[in-house]
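Colleague: Residue numbers (full-length UniProt numbering): 1 to 597.
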């Protein structure tokens, strides 16, 4: 059931109401309004379902605001927006939002189905049906605005461009390339005219819509058989989306057509035949890679992403060629002995490895340029802070790739190439030593930083004196030497200050370490020696100290005294005998002898 009728026999008012005057002003900036709603209600993250729900709710609110509700309670009564309805409502500008939001709702539903049809192909028919509905609603909106006497010129142009864009999108999905191209060209032309007539702030929005239409126009031209469009289509990689997987498929088809003409490649005065399709496709993309980088000249992330994509193609080409060469016994023997002739296929394999190393080095240099600007303060710090250690790893990768290049098959005896690589290795070693010194400088290891600054200066002077170094790299040597000198003076000054502080702290620590803990209990000092096997707690043996002398008394008077004679108290010998006889007499008398005579 349609939301809009181009012709209507009646309006929402009764037949007895007087017809309102047509003296009203209708103005609706369709593109600014829809762009603002897209950004606020889900399309910033491609959430079409959320935006579709918002459109349905906004339609209900606007209908209620202008008193054009379809039905009461359970009874539905269709009230389409027609010219008679707008006249009956007194030319209310909000009335035009109803058909606009109806178109947006159908378009959002179609875009939602387009994302879902990758896994469910049947939804493609439903998507085309919704786009047909959106086209019908947009056509009705254009007819309403064009026939309304109060619509201004800009509103009419906006309606024409919007209808042409919706119709072009519908025909594009139906693969009606000529008709889609005509509709999109009309939309782009109107938007271009509007951008020229408006101020700079408003014109930027219309220019953005024109840029979004251009890829679709090129796609239509390509499918129409335009050869110029085929070349333009190859430049659409990484551009604005909206074409799904068709662009990638056509890019691959176009490159396959061009690859049929690429039969050989010449490198270092040697011509090599190209037989594999993947190798041809990679070489074609490598030839066009400068243009691909030019598109991302203002974005470091875009350049790194382009390098990553090219390196993935290079790895695929190397793998295909290696699988074939492994069946050749001469290739296996040459890889083991590193001696003998190199076939054309083997030298092509060397060329692909060389391209892989070269593009890896270029990618690292792009990242290094940005990191150096961050460290020097020319760019703000990203969410993840940049440290000198990050640059050291990238320089080590570059040096490793350069060191491996002269060892590739067929390049071992190329002395000119070897000397050129050696000059570059010394140059990048100077930068690597410089950033290692910066890491020691940030860790306040002044002697190590000074030594590495001196090593970096030595490498820089050696690279500058080498005539084989490229002029572009030679110009960077002066910048490196100036950076080394400024940091070296800083490290030297901090080293002197640090050595004085260390000497002072060491002397104080030594004096405190020599004092036993029992003698410095009033002073707090964290002595790590106390936690070891022999802590200095007390002095042992204790030191000698003066004490009061204790008097000694010697008993010498005994030598001067005269003692009394006690001889008379001693027993005489006769008395001893009498005592013995008496004793014996008693015993003898008892036994019968010893009696008196």
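Glycine is no exception: its CB is placed at the ideal position from the N, C-alpha and C atoms.
#1: For residue 109, which of 550, 161, 43 and 62 has the nearest alpha-carbon?
#2: Mind checking who residue 266 pairs with in its DSSP beta bridge?
#3: Hey, could you find the ends of the alpha helix (DSSP H) residue 129 is sitting in?
#4: Under 8 Å Cβ to Cβ from residue 315, same chain only, skipping five residues before and after it: list those, please.
#5: Which residue from 342, 290 and 432 puts its Cα closest to that of residue 362?
#6: Can you list, in chain order, the residues of its chain with a C-beta nearer than 7 Å to that of residue 27? Leave out the 5 residues immediately preceding and following it.
#7: Alpha carbon to alpha carbon, what distance is there between residue 514 and residue 545?
#8: Does residue 159 come out as helix, strand or coil in the three-state DSSP assignment?
#9: Tell me whether residue 308 sits in a helix, a strand or coil according to DSSP, three-state version.
#10: Helix, strand or coil, according to DSSP, for residue 26 in the structure here?
#11: Quick one: what's got a C-beta closer than 7 Å to residue 124's C-beta in the same chain, skipping five residues either side?
#12: Express the C-alpha separation of residue 372 and residue 201 in angstroms, rounding to a whole number.
#13: I need the straight-line Cα distance from residue 344 to residue 321, nearest angstrom please.
#14: Considering residue 442, what are the terminal residues of the alpha helix (DSSP H) in which it resides?
#15: What residue from 113, 139, 119 and 299 has the CA that sits closest to residue 127's CA?
#16: Give a yes or no on contact between the stretch 59-76 and the stretch 139-149, applying the rule of three or more CB pairs nearer than 8 Å.
#17: So residue 424 and residue 402 are supposed to be a Cβ contact under 8 Å. How far apart are they, rounded?
#18: Cβ of residue 146 less than 8 Å from any chain C Cβ?
#19: Does the count of Cβ pairs from the stretch 170-188 and the stretch 51-69 closer than 8 Å reach three?
#20: Tell me which residues share the same chain as residue 353 and place their Cβ nearer than 8 Å to its Cβ, disregarding the 5 neighbours each side in the sequence.
#21: Give the secondary structure of residue 153 by DSSP, where H, G and I count as helix, E and B as strand, and everything else as coil.
#22: Exposed or buried, residue 9, counting other C-beta atoms within 10 Å across all chains shown (16 or more means buried)?
#23: Quick one: what's got a C-beta closer than 6 Å to residue 107's C-beta in the same chain, skipping five residues either side?
#24: Taking the alpha helix (DSSP H) that residue 334 falls in, what are its first and last residues?
#25: With which residues is residue 200 paired in a DSSP beta bridge?
#26: State the start and end residues of the unbroken alpha helix (DSSP H) segment that holds residue 388.
#27: In the DSSP assignment, find the alpha helix (DSSP H) that holds residue 353 and state where it starts and stops.
#28: DSSP state of residue 120, grouped into three classes?
#29: Compute the Euclidean distance between the alpha carbons of residue 101 and residue 309, then round it to the nearest angstrom.
#30: Would you kindly check if the distance between the Cβ of residue 394 and the Cβ of residue 375 is under 8 Å?
#31: The alpha helix (DSSP H) with residue 51 in it runs from where to where?
#32: Relative to the C-alpha of residue 346, which candidate in 555, 89, 411 and 388 has its C-alpha closest?
#33: Assign residue 526 to one of three DSSP states: helix, strand, or coil.
#34: Compare the Cα-Cα distances from residue 62 to each of 77, 45 and 99 and report the closest residue.
#35: For residue 485, which three-state DSSP category applies?
#36: Check whether the stretch 156-170 and the stretch 183-191 are in contact - that is, three or more C-beta pairs closer than 8 Å.
Modeller: Once the coordinates are examined:
#1: Relative to residue 109, the option among 550, 161, 43 and 62 whose CA is nearest is 43.
#2: 271
#3: Start and end: 123-147.
#4: 356
#5: 290
#6: 93, 152 and 155
#7: 19 Å
#8: Correct three-state label for residue 159: helix.
#9: helix
#10: In the structure shown, residue 26 sits in a strand (DSSP, three-state: E or B).
#11: 117
#12: Residue 201 and residue 372: Cα-Cα distance of roughly 35 Å.
#13: 12 Å
#14: 415-442
#15: With distances taken between Cα atoms, residue 127 lies closest to 113.
#16: Contact fails: fewer than three Cβ-Cβ distances are below 8 Å.
#17: 6 Å
#18: This model lacks chain C altogether, as it is built from one protein chain only.
#19: no
#20: Cβ within range, chain order: 318 and 408.
#21: helix
#22: In this predicted model, residue 9 has a pLDDT of only 34, less than 50, meaning its place in the structure is not dependable enough to derive any value.
#23: 134
#24: 329-337
#25: Note: residue 200 sits in no beta bridge, so no partner.
#26: 388-404
#27: 344-375
#28: coil
#29: The alpha-carbon atoms of residue 101 and residue 309 are separated by roughly 41 Å.
#30: no
#31: 48-65
#32: 411
#33: coil
#34: 99
#35: Secondary structure at residue 485: helix, using DSSP grouped into helix, strand and coil.
#36: In the pairwise beta carbon analysis, the stretch 156-170 is classified as touching the stretch 183-191: at least three pairs are separated by under 8 Å.
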